[in-house]
Structures are given as C-alpha cells and as structure tokens.
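Visitor: I am attaching a structure below and will ask some questions about it afterwards.
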Amino acid sequence: MRPEPYEANVAVIGGGLAGIIATVRLIQTGARVVLIDNPLPESAGRLGGFARFSGAKFSFPPAGMGLVSVAGSIDRLNQVIEKVICELGLTGRQHSESIDQSHDLGGGFTFRRYQSIVLSLQEMEAVLNRLSTEIGRRAVVVKGKATRLDYIPGRWSIHVRADSHDFLVNADTVFYAAGRLSEGLLLQAGALPTEGKGMDIGVRLEFDNKASIERLAALGPDAKIIHGRVRTFCLNSPGIVHRYPFKNITIAGGIVADASSERANIGLLLRVSNKEQRLKEILKAAEKCYPQLLSESSRTSRESDVFTPPSVLERLYGSDDVAQLAAFLKEISNLGLIDSSQPYRVHMPLLDWHWHTFSLSGSHKTSLPSVYALGDSSGHARGLLQAAVSGWLAAEELNANHC
Ligand SMILES: Cc1cc2nc3c(=O)[nH]c(=O)nc-3n(C[C@H](O)[C@H](O)[C@H](O)COP(=O)(O)OP(=O)(O)OC[C@H]3O[C@@H](n4cnc5c(N)ncnc54)[C@H](O)[C@@H]3O)c2cc1C
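Now the structure itself:
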C-alpha cells in the first residue's frame, strides 16, 4: 500500500546549500517544509550536495554579482550575505581588510582577487551537520529522488522514489534547488529553461610538491589570473584531486582545502560558447577515448618544458582551445608564478559544464506557477555563498509575495 502523502506549504527539492538555507529561512517564518534530497553517492546519505566535495571557499562580492538583480540592490545583497554568514556560523571569519583587487600584469594578463572565507573540510562538515540537525528538528526531511511534478491547480504533487518505496509530497509551492545534476525534472513539468551562466572547459594540474605553485597560491585563496577567455581557478589548492561521476565518465574535481597535503593543484579554465553543443561533443569524445584519458590523467610529467598538452586533450577540446590553454600556462610560468619543471599530472577533463537553469530575470520564480529555482538551478548564482544567499532570497521573495 502506498504511504500517505506528505503535506507542505513548501516542498524544497535538493538539499545542497541553497535548499538547506532556504529551508532554514522558511521554517523561521513558520512555513511547513518538506525537504526532499537525493544525496550525492559519496555523501553517505547526508545533506549538503556539492558543498561537501568543493573547495570550501565562500567568495564575497564582487563574486556573485548576478544576485544583485534579485536582491534589488548591492546594499540589500550585502545585508543578506551578513545574515547568511551568521546562519552558517561564520561571522568574523571574513578577512577584515578589503582585498578586492584587480590590476594589470601586462601582456593582456589581469590579476583579480576577492574576499573569501576558506574552510577546512572538517569545518565544512561541522557547518553542514549542525544545519542538518536544526532542519531535522523543525522540518520533514525525506531522502529520495523527485521523479515527477504534477500540477493540480493551486497545488503541486511531487513523486519521490526512495530505496524501499515511492511516495508523494503535496505542496502549495515548490523550491527547486536540485543543482547541476538535476536531469530535467522541471523540463518534464513544462518549465522554460533560461540561458544561465556560461560553460568553462580546462585541465587541473596536480603538482607532486606544493612548493611548485606556492607563488601563485600566495596571491590569495580566491585570486584569479585572467587572460582573455582563460583564467586560473582555485589557487587555495593543497590537496589531492578526486574524480567524480558525470554522465558516463568521471571528471576531475578537486578537494582543495587540505593544507597538510604535500600535493597542490590549480585549475585552468577556458570560457566557451555554444555550450550545449560543446558539452555533447566533449562527452562523446571523452567516452570514446576514456581509457587513454584516465591513463594520461594519472601519468606524471617529468619534462622540463612548459606544459606539453597530452595528446588526448586535443581530441577532447580541439587544437585551438588546447593551444590557448597551453599558451596561458606558459605565460604564467614565465611570470614566475609556477615552476612547471617540477613533476605534475594533467587531470582531464575539467568541466564547469552546462546545465539547465530556470529563474526568470530579477526573480527566483520560474515560468511554472508557484515554482521557484534557487542556487545552481537558478541561473543567478554559482558558488557556495551564492547558493546559500540565493536560498535565503528565494524564501524572502516567497514571503513578500504572500504578504
Ligand atoms: C568540484 C567542485 C568544487 C567546487 N568548489 C567551490 C568552491 O570552492 N567555492 C565555491 O563558491 N563554489 C564551488 N563549487 C560550486 C558549488 O559547489 C556549487 O555552486 C554549490 O554547492 C551549489 O549548491 P546548490 O545547493 O545549488 O546545489 P548542489 O550542491 O548541487 O545540491 C543539489 C542537491 O540536490 C540533489 N538532487 C538533485 N536532483 C534531485 C532530485 N531529482 N530529487 C532530489 N534531490 C535531488 C543533489 O543530489 C544534491 O544533494 C564547486 C563545485 C564543484 C563541482
């Protein structure tokens, strides 16, 4: 027999930082919330989404300016950030001096860095565990995958598949915070996707000895070197590179906050256009040469020359894009920021891939009635602090609509 449906004012789909903070804010305002999360395979059934596997770096404006239009003004955005930081238990952790900088390094290279808070993995776990306990006390948390949304005028019915049984969650409003792995649930329900953010492709270089990139890392945990469409990504990166599953392959992520590790890595990313088509082509090529890709990703280079791109990389990205990544790396080596004569591996592919986003302009609402999209699913936010702030703002937007 099918269990009785859960009844809620708001059903939150996705228990990453966006869903977590939205739930926290909604229960503070008295809403009856059911949080549905299909935990990521590596997370042992716990809430947190990608936050548990990320660089654990919370970046402040001017990172995440896409949220200004939803907040209404930069002042309001800053006020909400302060509240969210307090909710995360991180007040006082932000660097006190302003280090927002952008300057020209010559030769078309720009250097930028933002204020940020970098947590250790243990600190990140502690934050997520505390918030999960709080939510568990005041909202219903169900573990399972939302598989379908039906609209019965005035109310949504969400089909959820769990290990042992299927069940329904009925709600007046749906908060969709399923992030980058959401696989089309809203599309099936008839939502119109929005353009969202762009797609980046690249490599993650992992040096055996962290001294090889210490001059680059010393620029700051959230520093970026930018040249045209290419940039560095994650400099606070002592740690070991992990791969995680994506479609039919695995891609190179990075656990970057382990200061005790001897290894260190940096990401290099190139912004590409025509993102949907490019992603399809890259995945097709990666599937075809997957064994070679894995073996070249785990081979240590001992060449004294600066970055000879592994042959498989051209098959993935094409020669023009690989040439741009290689030229960029050569230049930051010439600037003395990395020592590429030291042993390193080239992990591939590194993708900040394209996924569907759904929020309308200046709002978290989607084209579907009473369905809001937040965090990575919104198109306004990408990043940890941004996901959390988006969750808070969506809850406030819903409350404002009800008043
Ligand atoms: C390797 C890596 C490193 C990163 N490092 C950083 C960093 O250092 N700093 C930074 O600012 N950002 C970083 N990011 C980006 C950041 O992690 C994300 O932008 C942010 O965590 C998004 O949060 P979210 O809540 O929107 O989505 P997610 O964290 O993706 O959470 C979505 C949740 O919804 C669940 N879900 C999906 N579909 C369904 C469904 N149908 N039913 C139920 N549940 C579902 C998922 O399993 C997941 O638990 C990194 C990302 C990656 C991949």
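Using our numbering, the first residue of the sequence shown is number 6, and each one after it goes up by one.
For glycine and all other residues, C-beta sits at the position ideal for the given N, C-alpha and C.
Since this is a predicted model, take the numbers as computed values, not measurements.
Within 7 Å: the Cβ of residue 180 and any heavy atom of ligand 1?
Guide: Residue numbering aside, residue 180 sits at position 175 when the sequence shown is read from its first letter. No, since every heavy atom of ligand 1 falls outside the 7 Å radius drawn around the Cβ of residue 180.
Visitor: For ligand 1, I want to know if residue 118 counts as a neighbour, meaning its beta carbon is within less than 7 Å of at least one of the ligand's heavy atoms.
Guide: The residue you call residue 118 lines up with position 113 of the sequence shown. Checking the Cβ of residue 118 against ligand 1 gives no.
Visitor: Taking the beta strand (DSSP E) that residue 229 falls in, what are its first and last residues?
Guide: Walking along the sequence shown from the start, residue 229 turns up at place 224. Element bounds for residue 229: 228 to 232.
Visitor: Among the residues of its own chain, which have a CB less than 7 Å from the CB of residue 101, if the five just before and after it don't count?
Guide: Here residue 101 corresponds to residue number 96 of the sequence shown, with the count starting at 1. With a pLDDT of 45 at residue 101, under the threshold of 50, the predicted position of this residue should be treated as unreliable, though the coordinate-derived value follows. Taken in chain order, the list of residues that qualify is empty.
Visitor: Given a cut-off of 8 Å, decide if residue 352 and residue 302 are closer than it, judged by their beta-carbon atoms.
Guide: For the purposes of this step, residue 302 is taken as the residue at position 297 of the sequence shown. For the purposes of this step, residue 352 is taken as the residue at position 347 of the sequence shown. Yes.
Visitor: Residues in its own chain within less than 8 Å of residue 132 by CB, not counting five upstream and five downstream?
Guide: Translated into the one-based positions of the sequence shown, residue 132 becomes position 127. So the list reads 93, 94, 95 and 124, once near-sequence residues are dropped.
Visitor: With respect to 7 Å, is the separation between the Cβ of residue 41 and the closest non-hydrogen atom of ligand 1 below this value?
Guide: One-based indexing of the sequence shown puts residue 41 at position 36. Yes - ligand 1 has a heavy atom lying nearer than 7 Å to the Cβ of residue 41.
Visitor: What would DSSP say about residue 366, mapped onto helix, strand or coil?
Guide: The residue labelled residue 366 in the question sits at position 361 within the sequence shown. Residue 366 falls in the coil class under three-state DSSP.
Visitor: How long is the line joining the alpha carbons of residue 252 and residue 265, rounded to whole angstroms?
Guide: Against the sequence shown, residue 252 aligns to sequence position 247. Against the sequence shown, residue 265 aligns to sequence position 260. Distance between the alpha carbons of residue 252 and residue 265 is about 32 Å.
Visitor: Exposed or buried, which one is residue 304 when buried takes at least 16 other CB atoms within 10 Å?
Guide: By 1-based counting over the sequence shown, the position of residue 304 is 299. With fewer than 16 Cβ atoms within 10 Å of its Cβ, residue 304 is classed as exposed.
Visitor: Using CA coordinates, which residue listed in 69, 346, 47 and 48 is at the minimum distance from residue 210?
Guide: Your numbering for residue 210 matches position 205 in the sequence shown. When only C-alpha atoms are compared, the closest one is 346.
Visitor: I'd like the span of the alpha helix (DSSP H) that includes residue 296, first residue to last.
Guide: The sequence position of residue 296 within the sequence shown is 291, counting from 1. Unbroken alpha helix (DSSP H) run through residue 296: 295 to 302.
Visitor: Pull the bridge partners of residue 161 from the DSSP assignment, please.
Guide: If you number the sequence shown from 1, residue 161 lands on position 156. The partner list for residue 161 (beta bridge, DSSP) reads 156 and 176.
Visitor: Return the bridge partner residues of residue 350 from the DSSP annotation.
Guide: Translated into the one-based positions of the sequence shown, residue 350 becomes position 345. BP columns for residue 350 point to 211.
Visitor: Look at residue 380 and residue 182 and say whether their C-beta atoms are less than 8 Å apart.
Guide: The count along the sequence shown starts at 1 and reaches residue 380 at position 375. The count along the sequence shown starts at 1 and reaches residue 182 at position 177. Contact flag set, yes.
Visitor: Relative to the C-alpha of residue 271, which residue among 172, 12, 57 and 213 is closest?
Guide: Position 266 of the sequence shown holds residue 271. Ranking the options by Cα distance to residue 271, first place goes to 213.
Visitor: Among the residues of its own chain, which have a CB less than 6 Å from the CB of residue 360, if the five just before and after it don't count?
Guide: Here residue 360 refers to the residue found at position 355 when the sequence shown is read from its first residue. So the qualifying residues of the chain are 185.
Visitor: Is residue 185 near ligand 1, in the sense that its beta carbon is under 7 Å from a heavy atom of that ligand?
Guide: Counting from one through the sequence shown, the residue named residue 185 turns up at place 180. Under cutoff, so the answer is yes.
Visitor: Cα separation between residue 103 and residue 118?
Guide: On the sequence shown, position 98 is the one that residue 103 refers to. On the sequence shown, position 113 is the one that residue 118 refers to. The predicted model places residue 103 with a pLDDT of 48, which falls under 50 and marks its position as unreliable; any figure quoted below should be read in that light. Going by the C-alpha atoms only, they are around 10 Å apart.
Visitor: With residue 354 and residue 291 assumed to form a contact (beta carbons below 8 Å), what rounded beta-carbon distance in angstroms separates them?
Guide: Taking the first residue of the sequence shown as 1, we reach residue 354 at position 349. Taking the first residue of the sequence shown as 1, we reach residue 291 at position 286. With a Cβ gap of about 6 Å, residue 354 and residue 291 count as contacting.
Visitor: Run through the stretch 50 to 124 for me and flag every whole alpha helix (DSSP H) of 4 or more residues, listed as ranges in chain order.
Guide: DSSP runs (the alpha helix (DSSP H)) wholly in the stretch 50 to 124: 73 to 76 and 79 to 92.
Visitor: Give me the DSSP bridge partner(s) of residue 237.
Guide: Taking the first residue of the sequence shown as position 1, residue 237 is located at position 232. Partner(s): 273.
Visitor: Please indicate yes or no: does the CB of residue 63 lie closer than 7 Å to some heavy atom of ligand 1?
Guide: If you number the sequence shown from 1, residue 63 lands on position 58. Because some heavy atom of ligand 1 lies under 7 Å away, the Cβ of residue 63 counts as near it: yes.
Visitor: Across the stretch 382 to 402 and the stretch 216 to 226, are there enough close Cβ pairs to call them in contact, namely three or more that are closer than 8 Å?
Guide: The answer is no - the stretch 216 to 226 does not touch the stretch 382 to 402, with fewer than three Cβ pairs under 8 Å.
Visitor: By a C-beta neighbour count over all protein chains shown, 10 Å radius and 16 as the cutoff for buried, is residue 297 buried or exposed?
Guide: Translated into the one-based positions of the sequence shown, residue 297 becomes position 292. Residue 297 should be labelled exposed.
Visitor: So, using beta-carbon positions, are residue 175 and residue 12 closer together than 8 Å?
Guide: Here the question's residue 175 lines up with position 170 in the sequence shown. Here the question's residue 12 lines up with position 7 in the sequence shown. Against a cut-off of 8 Å, the Cβ pair of residue 12 and residue 175 comes out as a contact.
Visitor: Are there 16 or more other CB atoms within 10 angstroms of the CB of residue 19, so buried, or fewer, so exposed?
Guide: Counting from 1 along the sequence shown, the entry for residue 19 is found at position 14. The residue in question, residue 19, is buried, as its Cβ has 16 or more Cβ neighbours within 10 Å.
Visitor: Relative to the C-alpha of residue 9, which residue among 172, 203 and 161 is closest?
Guide: Residue 9 sits at position 4 when you count from the first residue of the sequence shown. The shortest Cα separation from residue 9 among 172, 203 and 161 belongs to 172.
Visitor: Is DSSP giving residue 21 helix, strand or coil here?
Guide: In the sequence shown, residue 21 corresponds to position 16, counting from 1. Correct three-state label for residue 21: strand.
Visitor: Leaving out the 5 sequence neighbours to the left and right, which residues in its chain are closer than 8 Å to residue 374 when beta-carbon positions are compared?
Guide: Taking the first residue of the sequence shown as 1, we reach residue 374 at position 369. Hits under 8 Å: 156.
Visitor: In this structure, does DSSP put residue 283 in helix, strand or coil?
Guide: Position 278 of the sequence shown, counted from the start, is the residue given in the question as residue 283. DSSP places residue 283 in helix when its eight states are reduced to three.
Visitor: Within 7 Å: the Cβ of residue 51 and any heavy atom of ligand 1?
Guide: Counting from 1 along the sequence shown, the entry for residue 51 is found at position 46. No, since every heavy atom of ligand 1 falls outside the 7 Å radius drawn around the Cβ of residue 51.
Visitor: What is the DSSP secondary structure of residue 250, reduced to helix, strand or coil?
Guide: For this step, residue 250 is matched to residue 245 along the sequence shown. DSSP places residue 250 in strand when its eight states are reduced to three.
Visitor: What is the rounded straight-line gap between the Cα of residue 467 and the Cα of residue 275?
Guide: This structure does not reach residue 467, given that the chain is present from 6 up to 408, and the question cannot be answered.
Visitor: Apart from the five residues on each side of it in sequence, which residues of its chain come closer than 6 Å, Cβ to Cβ, to residue 397?
Guide: In the sequence shown, residue 397 corresponds to position 392, counting from 1. Closer than 6 Å at the Cβ level, and outside the excluded window around residue 397, lie 26, 30, 85 and 89.
Visitor: Please name the residue, chosen from 340, 148 and 372, that lies closest to residue 116 on a Cα-to-Cα basis.
Guide: Sequence index remark: in the sequence shown, residue 116 carries index 111 (1-based). Ranking 340, 148 and 372 by Cα distance to residue 116 puts 340 first.
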